[in-house]
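Single-structure report; data block below.
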Ligand code: AHR
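Numbering (mature numbering (1 follows the signal peptide of the UniProt record, and there is no 0)), first residue to last: -22 to -1, 1 to 490.
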């Protein structure tokens, strides 16, 4: 495909042609490039893979005997694509599925595993072909670390403790030997372990005080080998409800490393009529951005509680489910949560990642929901075919922020406004990567008006070494199985201290 190179002259011409030059947003970004803020933990780029629809089966797992090229049963095309964006962490097996999952169903010879019912997601048969050993194979193939979510809702403290021993013990214990007999001699490492999921909902419909008592019981049952600490995650709240953060951080004093938080972007704010993934206008685009941007308030409100209850900053705030959630496409299984992904999703992803960078001191880990074929996915599959979504490309462009060190900056921007509400028109990130280079991301949330960017970095910067842009003419531009390369990052060469950031675009620059 011939690459489109964005230059100042092209942009200027298109601006005059569309007669919107006068409406350009005015943006100034100022920073001292010697300053340093928090490290952007690479686990902010974690991904969620639940036993839900075709997220695992079909999307990742095709089985050893499939015609689709695979390694250890996992399709090579998807694994390679995920390796390319350096997925640091995978959360598994749910979600709501986690609180109905019994790990013993997923070990031993696959032919002998019981068929259970995935009652949360369509009531379909769950073959348990992907269990503990397969999950660790997947993580290994992708090069990711692991986040396992345990079953508090329908399990027991003993079952949870046994699972962790089975995975992590190097003793001569019966459980460790069972793992060896099932083909894995060495123990595995678990980076994060969640004690339940959405305990206020599908994880048991309980209140926060009851959950805290159970958390204490379960966390004290868990043993990990010395020197192999697991980061334990308390199941927290959602949207504007800060009560779970308040109660957990107040009443759990040991054995908790972070509190989870879930927030999904519904364009309409209505669970019965969420809006279409692909058919929307500029008004719905604004509503989507406005709802996405609520993440900032939710982060601030919860972090304020943590700063009060945990002034030493020991607890992380883990947004372990986030992303867009639209109506199911007509003709598709409602319980499978398959949705297309457009330029709008790419902008939503970039805005969220910028916010996580901004609050990186507390936000150490997040997981976009979900990795393949479910909700705001990186990848869509159809039989042997695979498509990388616009969201995938944001993760590709932003991977230079993994473990980068933030550089504090101020951003003055005009507003993107509609119906009496407004948002900053531009979102940004600035950090020094682990390679020593300075990286800047810029996102124009406005689908119509470009932004005039004035960089005021240590006075003046010398050069922008490279740039990439993700944008399109259509607000609902997407990649399909018929046209899989319609929307991909292009070189962005419109650089100087002052330049134009096109409407509805995500740009990443390497500065010198
Ligand atoms: O990601 C889909 C579902 O959303 C998860 O299973 C659940 O935790 C949340 O409600």
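C-beta: ideal position from N, C-alpha, C; glycine also.
Ligand 1 has a heavy atom closer than 7 Å to the beta-carbon of residue 73. Taken atom to atom, the span from the alpha-carbon of residue 433 to that of residue 427 is near 19 Å.
In the displayed model, residue 82 falls within a helix according to three-state DSSP.
In this chain, the alpha helix (DSSP H) harbouring residue 336 covers 321 to 336. By DSSP's assignment, residue 134 forms no beta bridge with any residue. Per DSSP, residue 3 lies in no alpha helix (DSSP H) segment; the continuous beta strand (DSSP E) that holds it begins and ends at 3 to 9.
Close CB contacts of residue 54 within its chain, under the 7 Å cut and outside five residues either way in sequence, are with 47 and 48 (chain order). In the three-state DSSP reduction, residue 44 falls in the coil class, being neither helix nor strand. In the three-state scheme derived from DSSP, where H, G and I count as helix and E and B as strand, residue 314 is classed as helix. Assignment of beta-bridge partners to residue 196 by DSSP yields no partner. By a beta-carbon distance limit of 8 Å, residue 396 contacts residue 261. Their separation comes to about 7 Å. Less than 8 Å divides the Cβ of residue 371 from the Cβ of residue 467. Between the beta-carbon of residue 81 and that of residue 113 there is about 10 Å, and that puts the pair past the 8 Å contact cut. Distance check between residue 219 and each of 280, 408 and 198 places 280 closest, using alpha-carbon atoms only.
The stretch 440 to 451 makes no contact with the stretch 391 to 410; the number of CB pairs closer than 8 Å stays below 3. Between residue 121 and the set 232, 294 and 25, the nearest pair of CA atoms involves 25.
For residue 303 and residue 457, the gap between their C-alpha atoms comes out near 18 Å. In the pairwise beta carbon analysis, the stretch 97 to 110 is classified as touching the stretch 310 to 317: at least three pairs are separated by under 8 Å. In the DSSP annotation of this structure, the continuous segment of the alpha helix (DSSP H) that includes residue 114 starts and ends at 110 to 120.
Using a C-beta cut-off of 8 Å, the stretch 281 to 293 makes no contact with the stretch 324 to 335, since fewer than three inter-stretch Cβ pairs fall below that distance.
Residue 213 is positioned such that its CB atom lies closer than 8 Å to that of residue 174. With respect to the 8 Å criterion, residue 236 and residue 294 are classified as neighbours on the basis of their beta carbons. Under the DSSP assignment, residue 418 falls in the beta strand (DSSP E) whose first and last residues are 416 to 422. Short of 7 Å from the beta carbon of residue 206, and not among the five residues preceding or following it, lie these beta carbons of its own chain, in chain order: 146 and 167. The stretch 385 to 393 makes no contact with the stretch 354 to 370, as fewer than three CB pairs between them are under 8 Å. Between the alpha carbons of residue 359 and residue 349 lies a gap of roughly 11 Å. Secondary structure note for residue 151: it is in no beta strand (DSSP E), with a DSSP letter that is neither H nor E.
Residue pairing by DSSP places residue 370 in no beta bridge whatsoever. Ligand 1 never approaches residue 317 closely enough for any of its heavy atoms to be under 7 Å from the residue's Cβ.
The criterion of a C-beta distance shorter than 8 Å is not satisfied by residue 181 and residue 211. DSSP places residue 240 inside the beta strand (DSSP E), whose first and last residues are 236 to 243.
Out of 267, 477, 342 and 30, the CA that lies nearest to the CA of residue 401 is found in 267. Rounded to the nearest angstrom, the gap between the Cα atoms of residue 398 and residue 264 is 12 Å. When beta bridges are read from the DSSP output, residue 214 appears opposite no residue. Put simply, the backbone Cα of residue 430 is about 9 Å away from that of residue 480.
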